[in-house]
Amino acid sequence: MIKILLIEDDRDIQSINSFFLRSKGHDVACAFSCAEGYEKAQSYVPDCIVLDVNLPDGTGLELCPRLRTITESPIIFLSCMDTEDDKIAGLLTGGDDYITKPYSVKELEARIQVSLRKRTLPAQGSNAVQLNVLEFPPLRIDLTFEKVFVGDVPLNISKKAFGMLTVLAQHPGECISAEQLYETVWEMTSLGDLRTVHVHIFNLRKCLDQAMPEYQVIRTAWGKGYCFVPPGGQEAADE
Numbered sequence: 002m003i004k005i006l007l008i009e010d011d012r013d014i015q016s017i018n019s020f021f022l023r024s025k026g027h028d029v030a031c032a033f034s035c036a037e038g039y040e041k042a043q044s045y046v047p048d049c050i051v052l053d054v055n056l057p058d059g060t061g062l063e064l065c066p067r068l069r070t071i072t073e074s075p076i077i078f079l080s081c082m083d084t085e086d087d088k089i090a091g092l093l094t095g096g097d098d099y100i101t102k103p104y105s106v107k108e109l110e111a112r113i114q115v116s117l118r119k120r121t122l123p124a125q126g127s128n129a130v131q132l133n134v135l136e137f138p139p140l141r142i143d144l145t146f147e148k149v150f151v152g153d154v155p156l157n158i159s160k161k162a163f164g165m166l167t168v169l170a171q172h173p174g175e176c177i178s179a180e181q182l183y184e185t186v187w188e189m190t191s192l193g194d195l196r197t198v199h200v201h202i203f204n205l206r207k208c209l210d211q212a213m214p215e216y217q218v219i220r221t222a223w224g225k226g227y228c229f230v231p232p233g234g235q236e237a238a239d240e
């Protein structure tokens, strides 16, 4: 069971986040200020901390370095400030990820899982800043800045296509239905017309195939949905 500490002063947001995360089987503790968050981080010993930037007695940016003196657990910032400089500031204070409001609780839980998984990887140098990146060489998916690269070349894909690629890449080898993709990326219930999913998948696959013609990373499972096959380790696409 993953132990998650939510440090957020908005009680409605706390209630929604804690209810959803507990429904997924996680153990959740809540704090509503910097002082309470620091105290609970010591006593509760969380596996992951979700930290709001704006708190009544200070900021998450100020609290994060203090938390880093007592824990190495992933710290995920929540904020309504969404510029690149804001995100970089959060990462440089010791954060592992930065989510801008509004967001979906499904995305929050996925980011927690990815941050925990990234923490199990070997460090890339003592001075490196930990970024939230999915690596499938030569494909790299930067979740923090919502960018996709093949090698060092950025790909031009839509925000929705990025969302679907992220969902698929977080479950490599698993079949994800068009309905699941729609409900996760569009954050609403599918009404049966999934043509927009198929169009975005078509464009995403075309972009990836052009960038990596030797691989076919998005596969169709007829009648079931789509799956992501990591380029590393697969043979050149022949299907």
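In this note's numbering, the protein residues as written are 2 to 240.
Note that the Cβ used here is the ideal one computed from N, Cα and C, for glycine as well.
As summarised for the segment 130 to 209, the continuous alpha helix (DSSP H) elements at least 4 residues long and confined to that stretch are 160 to 170 and 179 to 186, given in chain order.
Counting C-beta atoms within 10 angstroms of its own C-beta, L166 has 16 or more neighbours from the protein chains shown and is therefore classed as buried. Residues L62 of the same chain have their beta carbon placed closer than 8 Å to that of A90, with the five preceding and five following residues left out of the count. In this structure, S19 lies away from G59, with their beta-carbon atoms at least 9 Å apart.
Distances from the alpha-carbon of E147 to those of N204, E180, E85 and S44 put E85 closest. Counting C-beta atoms within 10 angstroms of its own C-beta, R112 has 16 or more neighbours from the protein chains shown and is therefore classed as buried. Just measuring C-alpha positions, the residue of I202, D28 and T70 sitting nearest Y45 is D28.
In the displayed model, I76 falls within a strand according to three-state DSSP. Here DSSP, grouped into helix, strand and coil, assigns Y99 to strand. In this structure P214 does not touch P139 by the C-beta definition: roughly 12 Å separates them, more than the 8 Å allowed.
Residue environment for L144: buried (at least 16 other C-beta atoms within 10 angstroms of its C-beta).
Membership of Y45 in the alpha helix (DSSP H) is indicated by the continuous run C35 to Y45. For G61, the enclosing alpha helix (DSSP H) begins and ends at G61 to R69.
Taking the Cα positions, L56 is about 46 Å away from Q217. Taking the C-beta atoms as reference points, L169 is found no nearer than 9 Å to I158.
Annotation for I3: no beta strand (DSSP E) segment contains it, and DSSP assigns it neither H nor E. Within 10 angstroms of the beta-carbon of I17 lie fewer than 16 other beta-carbons, which makes it exposed. From the listed residues F137, A162 and E175, the smallest Cα separation to V186 is found for A162. Only buried fits A32, as 16 or more other CB atoms lie within 10 angstroms of its CB.
Each residue's CA atom was taken as its position, placing N133 and V115 some 8 Å apart.
Contact annotation, I76 with I50: C-beta distance approximately 5 Å; criterion of less than 8 Å satisfied. The DSSP-derived three-state label of G226 is strand. L6 is positioned such that its CB atom lies closer than 9 Å to that of P47. Within the DSSP secondary-structure output, R12 pairs in no beta bridge. Looking at I8, E37, K41 and A36, the one whose alpha-carbon comes closest to that of L79 is I8.
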